[in-house]
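For reference, each letter of the sequence shown is one residue, going 1 to 452 in this note's numbering. Accompanying notes for the structure given below.
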Amino acid sequence: MKKLLLILLAVYFIPANSYSQSGFKDKISFSHPLKFGAENNYSPVKKMSGSDSLKVVAILVQFQEDNTGLTSGNGRFDLSNKYFNPSTGRDTVIDAPPYDSAYFSDHLKFLKNYFEKSSRGRLNISYDLYGNVITLPKKMEEYSPRDGEPLSKLGGLFNDAWARADSFINFSTYDPNNTVFFLFHAGVGRDVELKSILGFDPTPFDIPSVYLGLKNLKEFFGQTYNGYQTLEGFFIQNTAILPSTELRELDLISGNVLLELGINGLMCASVGSYLGLPDLFNTSTGKTAIGRFGLMDGQSIFSFNGIFPPEPSAWEKYYLGWVEPIVISSGELNAVIKTSSTGTFNDSTMYKVMINSSEYYLIENRNRDALRQGQTVYTRNRNFNDSNKYLKDEEGFIYFDISKISGNITDVTTLDWSLPGLINDTADFRGGILIWHIDESIIESKFASNTI
């Protein structure tokens with residue numbers, strides 16, 4: 001069954017004709033699936049074992065051209081210069097077209113940097129981006145499941161895309177147990193609930209962003225299905241379906257407005273799904289659960305409008321085997337817990353306080369700006385590699401408004417700047433001790449149904 005994530009997020013709307021921050025502030029809700037149902041049953045926490053590597057294989061897919069008006073765009077990659085300012089030689093917004101190989105390479109660079117930073121080098125990502133644009137035989141709407149429908153139409157998208165990529169990719173060079181596949185498609189992701197603004201969804205045939213594992217593919221194609229078999233006999237058993245952009249122009253009574261959202265958070269969560277992390281929001285109601293304190297919650301995915309999520313939570317890092325906490329089973333604890341937000345972590349950055357054999361507390365110290373050096377955002381904007389430093393939250397650079405940023409975000413100095421808190425001229429709430437109550441018996445019983 002399709003699981004939807006609904007998030008209330010305050011955003012600034014930006015007039016499309018000026019792209020300034022003089023628009024109005026409102027609330028919208030996001031509605032997007034991360035994955036539906038865990039890939040496997042719950043497995044024990046992974047043990048630390050040096051560093052691991054992961055390959056990302058990415059393809060670019062567009063559709064037969066359409067003029068329906070019920071999809072964003074016309075089914076083809078937008079190669080225009082619509083947000084380009086010739087006087088500065090730069091685009092004026094984040095994630096602007098043209099959506100070409102250079103654009104997607106920038107985002108994959110962020111993905112690589114995110115996991116190398118958050119794992120402290122324990123997960124090293126490399127990527128192969130194939131720039132040959134694949135044109136599928138159908139229009140976008142024919143691959144798009146309607147609200148309430150099963151996601152089986154996405155199986156057709158999966159199959160048609162890889163059948164065509166098979167003609168120019170040699171899959172024999174990839175490790176089937178260590179490769180995650182990305183399908184970047186033309187258009188905007190159906191990941192924003194527009195009914196809260198407009199009263200209806202003007203583009204109901206857009207493609208939702210979702211991670212498909214082998215379990216999902218078996219639901220589409222039958223229990224004997226083992227993935228798409230390539231000419232070399234390789235089986236593709238997973239795919240993250242991702243849009244070229246989340247930028248969306250809306251036609252409101254007050255005029256045309258531009259909603260600036262990035263795709264970096266969606267990419268990171270997709271890899272989290274591949275690695276085995278469950279959704280950490282309430283998949284029955286769609287409401288947030290862990291908020292902006294980890295990775296696998298929509299508030300984190302779209303924190304700072306989706307351009308950089310915070311680091312994974314203590315449990316996520318522990319489950320992935322990135323850190324081995326100091327275990328406290330009895331007695332008093334008198335210790336200094338070092339922050340894990342400074343670029344390094346080790347045993348002394350996390351404590352595990354046992355309650356019983358399956359229940360415990362994980363204690364960590366998280367800080368938005370532990371070194372008090374501010375946040376630097378690195379971007380590529382056309383022919384410029386820019387860096388912008390911010391010492392505090394301010395208009396144009398805060399978790400719901402990133403209008404001072406333009407170009408493609410490739411890195412930031414501190415991922416945990418995306419945590420809740422406030423740093424400005426009158427407030428200094430940078431972070432502190434975060435205590436997680438973990439019950440592995442509940443995780444084990446609800447893991448397969450993705451209802452943790």
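Backbone N, C-alpha and C define an ideal beta-carbon position, used for all residues, glycine too.
query                                                                                                                            : result
Inter-residue spacing [alpha-carbon to alpha-carbon] between Asn-60 and Ile-207                                                  : Note on identity: in this sequence residue 60 is Leu, with Asn being the wrong assignment. Whole-angstrom Cα-Cα distance: 14 angstroms.
Run of the alpha helix (DSSP H) containing Leu-54, from where it starts to where it stops                                        : Where Leu-54 is concerned, there is no enclosing alpha helix (DSSP H), although the beta strand (DSSP E) it sits in stretches over 52–64.
Residue closest to Leu-54, alpha-carbon to alpha-carbon, out of Pro-325, Leu-231, Asn-124                                        : Asn-124
Distance CB(Ile-290)-CB(Phe-302) smaller than 9 angstroms                                                                        : no
With 16 other Cβ atoms within 10 Å as the buried cut-off, status of His-437                                                      : exposed
Contact belief for Glu-141 with Thr-239 at Cβ below 8 angstroms, rounded distance in angstroms                                   : Rounded, the Cβ-Cβ distance is 20 angstroms, inconsistent with contact.
Inter-residue spacing [alpha-carbon to alpha-carbon] between Ser-22 and Ser-126                                                  : The pLDDT assigned to Ser-22 is 35, lower than 50, so where the model puts this residue is not dependable, and the model offers no usable value.
Simplified DSSP state of Ser-387, which is helix, strand or coil                                                                 : strand
Beta strand (DSSP E) runs contained entirely in the region 112–169, provided each spans 3 or more residues                       : 123–139
Opening and closing residue of the alpha helix (DSSP H) in which Tyr-319 lies                                                    : 314–319
Phe-24 burial status per 10 Å Cβ neighbour count (16 or more: buried)                                                            : Annotation note: pLDDT 34 at Phe-24 (below 50); position unreliable, coordinate value reported separately. Exposed: under 16 other Cβ atoms inside 10 Å.
Nearest neighbour of Val-93, chosen from Leu-247, Arg-164, Ile-241 [CA to CA]                                                    : Leu-247
Host beta strand (DSSP E) of Ile-409 (start-end)                                                                                 : 408–412
C-beta atoms of Asn-408 and Tyr-130 nearer than 9 angstroms                                                                      : no
Where Gly-421 falls, given that 16 or more other Cβ within 10 Å makes a residue buried                                           : buried
Exposure label - Leu-231; buried when at least 16 CB within 10 Å                                                                 : exposed
Residues of its chain near Asn-381, where Cβ-Cβ distance is below 8 angstroms and the 5 sequence neighbours each way are ignored : Arg-90, Asp-91, Ser-406, Gly-407, Asn-408
7 angstroms Cβ shell around Asp-393 - same chain, five flanking residues per side excluded                                       : Leu-422, Ile-423, Asn-424
Identity of the residue in Phe-400, Thr-179, Phe-447, Glu-440 nearest Phe-235 by Cα                                              : Thr-179
Nearest-angstrom Cα separation, counted from Tyr-114 out to Cys-268                                                              : 8 angstroms
Residue environment, Asn-372, which counts as buried when at least 16 other CB atoms sit within 10 Å                             : Correcting the residue identity first, residue 372 is Arg in this sequence and not Asn. Exposed, by the Cβ-count rule.
Continuous alpha helix (DSSP H) assignments of at least 4 residues falling wholly in the region 159–245                          : 195–198, 214–221
Span of the beta strand (DSSP E) around Leu-252                                                                                  : 248–252
Closest Cα partner of Gly-272 within the set Gln-64, Ile-443, Lys-112, Leu-79                                                    : Lys-112
Residue range of the unbroken beta strand (DSSP E) whose run includes Lys-352                                                    : 350–354
Three-state secondary structure assigned by DSSP to Gln-373                                                                      : coil
Residues near Asp-128 in its chain [Cβ-Cβ closer than 8 angstroms; skip 5 each side]                                             : Lys-55, Val-56, Val-57, Ala-58
Any 3 or more C-beta pairs closer than 8 angstroms across the region 135–154 and the region 203–217                              : yes
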